[in-house]
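Quick note on the working numbering: the sequence shown kicks off at 53 and runs consecutively. Where a beta carbon is used, it is the ideal one built from N, C-alpha and C, also for glycine. Written out below as structure tokens is the structure these notes cover.
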Amino acid sequence: MSGVKNNPKNKIYYTDTDCIVVDGELESQFIGKELGKFKLETIYKEGLFLAPKVYGGITTEGKEFSKVK
């Protein structure tokens, strides 16, 4: 996680224990199925990140969603 958070190329919109939302693509070394790597779940067209575990938005496919824990 620190390799992504400390990279000045990444503008971070949201992060918690096991996820991160940035304004571009992550370097391939950080993505994979191995333990400790990220998997791409969603590409957002618009997003609203209110608090830890509270966010929502619209995907590039036009699907609206919200997450609240």
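Leaving out five residues before and five after T67 in sequence, what residues of the same chain have Cβ atoms less than 8 Å from its Cβ? Cβ within range, chain order: M53, K57 and V73.
Confirm, please, whether the CB-CB distance from Y96 to G114 is below 8 Å. Between G114 and Y96, the CB-CB gap reaches or exceeds 8 Å.
| Does DSSP put K97 in a helix, a strand or coil? | Reduced to three states, the DSSP call for K97 is strand.
**Asked** To which residues of the same chain is K63 closer than 8 Å at the C-beta, ignoring the five residues directly before and after it?
**Response** Within the same chain, K63 has close Cβ partners V74, D75 and G76.
Range of the contiguous beta strand (DSSP E) that encloses S118
Per DSSP, the unbroken beta strand (DSSP E) holding S118 starts and ends at E116 to V120.
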